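The sequence shown maps to residues 1 to 680 in UniProt numbering.
Even for Gly, the Cβ is constructed at its ideal location relative to N, Cα and C.
None of these values were measured; they are calculated from a predicted model.
Below is one structure, written out as structure tokens; the observations come after it.
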Amino acid sequence: MHTVSPSSRRPDVQGLRAVAVLAVITNHAIGWPHGGFLGVDVFFVVSGYIITALLLREQERAGRVSFVDFYRRRVKRIFPASTLVLAVTVAASWLVFGGERARAIALDAIAALFFVGNWRFAAEGVDYWADTGATSPLQHYWSLGVEEQFYLFWPALLATAAIIAVRVRLRPLTVIAVALTAVLLASLAWGYAQTDSQPMMAYFSSLTRAWELALGALIAVAAPLLAQMRDRWRAPIAWAGIAVLVIALLTTGEGSMPVPGALPATIATAAIIIAGTGSRPPELWPLTNRVAVKVGDWSFSLYLWHLPVIVFLGAIVTVHQRKFLVAVLAITTLLAILTYYLVENPLRRARWLTRDSKWKNWAATATASSAAVAVIVGGLIVLPATPSVATAPDSAGAFNTQEEVDAELREALDQKQWPPLVPSMADVATAGLPEEDQEGCSQVDLNDPDACSFTHDGATRTAVVMGDSTAIVLLPAIRAALGEDWNVKGLMMASCSQINIPVADENDARIVACKAHQAEALAQASERQPDLILVSDLYTGVYQLDPPADPLTGGGSYRWALATAHLAAQLKQITDHVVFLASPSLRTEEVDCAVAGSTPADCVHTVNDVYREVIEGEAAAVTAMGAVYLTTEEWLCVDGQCPAFAGSTPTMRDEMHITRQYSARLAPLLHERLNDAGYL
Numbered sequence: 001m002h003t004v005s006p007s008s009r010r011p012d013v014q015g016l017r018a019v020a021v022l023a024v025i026t027n028h029a030i031g032w033p034h035g036g037f038l039g040v041d042v043f044f045v046v047s048g049y050i051i052t053a054l055l056l057r058e059q060e061r062a063g064r065v066s067f068v069d070f071y072r073r074r075v076k077r078i079f080p081a082s083t084l085v086l087a088v089t090v091a092a093s094w095l096v097f098g099g100e101r102a103r104a105i106a107l108d109a110i111a112a113l114f115f116v117g118n119w120r121f122a123a124e125g126v127d128y129w130a131d132t133g134a135t136s137p138l139q140h141y142w143s144l145g146v147e148e149q150f151y152l153f154w155p156a157l158l159a160t161a162a163i164i165a166v167r168v169r170l171r172p173l174t175v176i177a178v179a180l181t182a183v184l185l186a187s188l189a190w191g192y193a194q195t196d197s198q199p200m201m202a203y204f205s206s207l208t209r210a211w212e213l214a215l216g217a218l219i220a221v222a223a224p225l226l227a228q229m230r231d232r233w234r235a236p237i238a239w240a241g242i243a244v245l246v247i248a249l250l251t252t253g254e255g256s257m258p259v260p261g262a263l264p265a266t267i268a269t270a271a272i273i274i275a276g277t278g279s280r281p282p283e284l285w286p287l288t289n290r291v292a293v294k295v296g297d298w299s300f301s302l303y304l305w306h307l308p309v310i311v312f313l314g315a316i317v318t319v320h321q322r323k324f325l326v327a328v329l330a331i332t333t334l335l336a337i338l339t340y341y342l343v344e345n346p347l348r349r350a351r352w353l354t355r356d357s358k359w360k361n362w363a364a365t366a367t368a369s370s371a372a373v374a375v376i377v378g379g380l381i382v383l384p385a386t387p388s389v390a391t392a393p394d395s396a397g398a399f400n401t402q403e404e405v406d407a408e409l410r411e412a413l414d415q416k417q418w419p420p421l422v423p424s425m426a427d428v429a430t431a432g433l434p435e436e437d438q439e440g441c442s443q444v445d446l447n448d449p450d451a452c453s454f455t456h457d458g459a460t461r462t463a464v465v466m467g468d469s470t471a472i473v474l475l476p477a478i479r480a481a482l483g484e485d486w487n488v489k490g491l492m493m494a495s496c497s498q499i500n501i502p503v504a505d506e507n508d509a510r511i512v513a514c515k516a517h518q519a520e521a522l523a524q525a526s527e528r529q530p531d532l533i534l535v536s537d538l539y540t541g542v543y544q545l546d547p548p549a550d551p552l553t554g555g556g557s558y559r560w561a562l563a564t565a566h567l568a569a570q571l572k573q574i575t576d577h578v579v580f581l582a583s584p585s586l587r588t589e590e591v592d593c594a595v596a597g598s599t600p601a602d603c604v605h606t607v608n609d610v611y612r613e614v615i616e617g618e619a620a621a622v623t624a625m626g627a628v629y630l631t632t633e634e635w636l637c638v639d640g641q642c643p644a645f646a647g648s649t650p651t652m653r654d655e656m657h658i659t660r661q662y663s664a665r666l667a668p669l670l671h672e673r674l675n676d677a678g679y680l
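This is how it looks when you write it as structure tokens:
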């Protein structure tokens with residue numbers, strides 16, 4: 001086929017790997033560079049180029065592509081190191097987290113082991129960009145799934161194209177290029193459509209990522225043409241690629257990923273690879289220096305280890321961002337070097353899985369693999385004891401007075417060891433979910449009159465609940481406080497405040513959907529003519545204003561209060577009985593502060609000035625419109641200090657949501673305050 005085989009060792013490509021992995025690590029650790037997640041897209045292009053070049057070289061040399069040899073090489077390259085990290089991560093999750101989170105991580109590991117982690121995260125509705133919630137330490141394995149799924153069919157497509165070329169009397173590379181172009185264009189089109197309609201599915205999907213691998217593959221196919229490029233063009237093309245890649249890493253946001261958001265970074269990567277394909281690569285010191293090349297060598301192991309290190313270290317220690325990044329880089333690098341020299345390289349070069357390998361090599365491989373799988377599967381079955389975060393035998397009763405709340409909160413602040421809790425802190429993220437989530441309340445279908453609707457025979461009054469997920473978690477308290485004389489209808493949408501105010505990135509699909517929900521929810525509330533409307537929205541919307549609030553002069557809370565007053569006025573036109581409930585103060589502690597070796601003091605949150613400023617503005621705005629405003633800080637905190645539990649009940653299941661158990665305990669207090677307002 002007259003291919004130009006690229007050097008098996010290209011320093012510039014190794015340097016690209018180094019840039020990609022360091023961008024991903026720092027982005028995941030401290031959120032900088034802003035577009036550091038694009039390192040994965042760089043990897044896809046590089047991988048498509050290298051693997052295709054190897055396949056073309058094999059076909060040119062042997063006249064065919066051996067599927068057995070290809071997949072043998074993939075197993076030896078990927079499986080040992082990736083399985084080691086999976087096993088260690090699952091074992092560590094038992095020790096650090098335990099409970100439901102450890103079981104969920106074990107399920108992530110099973111999916112990752114079979115290279116379908118991306119589809120698991122997509123099916124679970126994982127939000128890659130979420131600032132809150134517990135991140136799986138194996139979430140980064142989604143990209144391995146995308147690559148290996150692509151390589152399931154790519155050798156066969158390559159071989160088929162070669163056969164077709166013989167039949168139609170065309171050059172094999174021409175047919176392969178046409179096939180690759182078709183894959184690239186189809187994947188790009190699908191990626192563009194799905195990024196707009198289902199952004200998280202698009203992010204994890206192999207179908208929306210295939211174009212990136214195909215782009216790299218096309219460069220390998222075009223090597224004969226690229227070899228004819230004038231040498232004086234190579235350096236300018238490469239340096240332009242570096243410049244564009246740096247700009248993309250620094251500026252790209254989340255709103256358009258993967259298409260068109262990943263296009264600048266992938267095209268820049270392609271330009272750098274093209275500049276050095278078929279000839280001596282230009283001297284690109286940022287990529288070809290010895291340190292960059294060596295980091296590129298370690299990049300696979302660095303990538304595997306970095307997220308487990310970030311998640312587990314973040315759960316155990318709380319330090320300044322710079323110190324945290326230094327610790328992450330140091331630990332990740334040490335683990336990567338050990339893995340590279342003791343596992344990745346030795347097993348990749350060993351004779352196991354070769355045709356003449358002896359039975360003992362197969363046995364050793366099978367034994368090691370079985371042990372790793374056993375550790376992962378064990379995570380689904382074994383729940384290690386976590387004595388410091390135990391489970392209480394019985395649930396606590398409801399509060400009858402605020403004094404009871406104060407007493408339990410003060411007692412919690414004085415605790416030196418974790419008491420038995422229901423649910424345990426290890427399980428609170430899932431066990432603390434409101435049961436109403438199963439009734440369609442987490443994402444109310446406004447076209448379904450039965451969604452998030454709770455009725456009682458003989459009930460004569462109706463309450464409507466509006467807002468985001470902070471309203472959803474108050475449903476246990478609201479329903480119990482109102483009792484069987486009331487029907488309750490939820491019109492909420494998670495991550496969508498009912499307060500209508502300009503926010504950043506108005507074209508984002510999620511924001512567009514939220515705006516549509518706000519209008520329809522208001523219309524349905526008006527149609528129902530309820531006796532009571534209750535609203536709760538997370539106050540951190542002040543951080544997303546467009547234009548953003550000036551950090552020096554403020555103004556965000558004032559604009560938020562004006563929007564709240566406008567909503568209160570709209571709702572007062574529907575019914576005279578309108579109640580706004582303040583959201584909890586956003587916890588600044590790590591989600592997993594309650595881990596092995598921790599104490600209750602590690603999970604105490606201090607209410608900040610921003611929260612107080614927003615709440616005071618909301619209260620004034622709502623009251624001015626003749627509605628009722630109920631604060632909630634006194635239910636969760638005392639003297640500005642908010643413990644993780646009261647009595648035997650965890651108060652919060654994450655940074656912003658009250659547990660359903662604690663919500664239910666607050667019902668009598670909510671009933672009393674609604675009654676005092678004359679609404680019952």
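- Item | First and last residue of the uninterrupted beta strand (DSSP E) at Ser-536 | 532-536
- Please list the segments of the alpha helix (DSSP H) lying wholly inside the region 111-180, counting only runs of 4 or more residues, in order along the chain. 117-123, 142-168
- Query: How many angstroms separate the CA atom of Val-628 from the CA atom of Val-579?
  - Reply: 5 Å
- If you check the beta carbons only, do residue 704 and Ala-238 fall under 8 Å apart? No information on residue 704 is available, as it lies outside the stretch 1 to 680 that the chain covers here.
- Query: Which one or two residues does DSSP pair with Leu-491 in a beta bridge?
  - Reply: Met-466
- Span of the alpha helix (DSSP H) holding Val-19? 11-30
- Item | Extent of the continuous beta strand (DSSP E) to which Val-628 belongs | 628-630
- Message: Among the candidates Glu-212, Leu-304, Phe-37, whose CA atom is the shortest distance from the CA of Gly-255?
- Response: Phe-37
- Where in the region 211-258 do unbroken runs of the alpha helix (DSSP H), each at least 4 residues long, occur, reported from the N-terminal end onward? 223-226, 231-251
- Item | Where the alpha helix (DSSP H) containing Phe-67 begins and where it ends | 67-96
- Would Leu-287 be called buried (16 or more neighbouring beta carbons within 10 Å of its own) or exposed? buried
- Item | Gln-661 versus Val-428, Tyr-340, Ile-310, Tyr-558, residue with shortest Cα-Cα distance | Val-428
- Task: For the beta strand (DSSP E) containing Leu-581, list its first residue and its last residue.
- Result: 578-581
- Message: Just to confirm the assignment: which complete alpha helix (DSSP H) runs, minimum length 4, are found wholly within the region 289-357?
- Response: 290-297, 299-316, 321-339, 345-349
- Give the secondary structure of Gln-415 by DSSP, where H, G and I count as helix, E and B as strand, and everything else as coil. coil
- Message: Taking 8 Å as the cut-off, does the region 464-471 touch the region 526-541 (at least 3 CB pairs, one atom from each stretch)?
- Response: yes
- Query: Excluding sequence positions up to five away, which residues of its chain have a Cβ less than 8 Å from the Cβ of residue 681?
  - Reply: For residue 681 there is no data in the structure shown, the boundaries of the chain being 1 and 680.
- Query: Does DSSP classify Cys-197 as helix, strand or coil?
  - Reply: Before going further, note that residue 197 is Ser rather than Cys in the sequence given. Three-state result, Ser-197: helix.
- Message: Classify Leu-158: buried if its beta carbon has 16 or more other beta carbons within 10 angstroms, exposed otherwise.
- Response: buried
- Item | Distance, Asn-118 Cα to Ser-370 Cα | Any reading at Ser-370 is ruled out, since the residue's pLDDT is 43, under 50, leaving its predicted position unreliable.
- Item | Where Leu-421 sits in the DSSP three-state scheme | strand
- Message: Going by DSSP in three states, Val-503 sits in which element: helix, strand or coil?
- Response: strand
- Pull up the CB-CB distance for Thr-251 and Gly-35, whole angstroms please, since I reckon it's below 8 Å. 6 Å
- Message: Pop quiz: Phe-324 and Ala-29 are said to be a contact at Cβ under 8 Å. What is the actual Cβ separation, rounded to whole angstroms?
- Response: 6 Å
- Measuring alpha carbon to alpha carbon, tell me which of Ala-601, Asp-12, Ala-596 ends up nearest Phe-312. Ala-596
- Taking just the CA atoms, how far does Val-488 sit from Gln-641? 33 Å
- Between the Cα of Asn-500 and those of Ile-25, Val-40, Glu-520, Asp-485, spot the shortest distance and give me the residue it belongs to. Glu-520
- Do you know offhand how far Val-40's Cα is from Tyr-128's? 13 Å
- Simplified DSSP assignment, three categories, for Tyr-662: helix
- Opening and closing residue of the alpha helix (DSSP H) in which Thr-401 lies: Element bounds for Thr-401: n/a, residue is neither H nor E.
- Task: Please name the residue in Ala-412, Gly-541, Gly-314, Ser-299 whose C-alpha comes closest to that of Leu-338.
- Result: Ser-299
- Using three-state DSSP, classify Val-610 as helix, strand or coil. helix
- Task: Out of Trp-305, Pro-282, Ala-20, state which residue places its alpha-carbon closest to the alpha-carbon of Arg-10.
- Result: Pro-282
- Message: Measuring straight from C-alpha to C-alpha, what distance separates Gly-458 and Val-473?
- Response: 26 Å
- Message: Beta-carbon within less than 7 Å of Ala-161's beta-carbon, same chain only, minus the 5 sequence neighbours each way: which residues are those?
- Response: Pro-172, Val-175, Ile-176, Ala-179
- Query: Since Val-328 and Ile-310 are thought to touch, with beta carbons under 8 Å apart, how far apart are those beta carbons, to the nearest angstrom?
  - Reply: 6 Å
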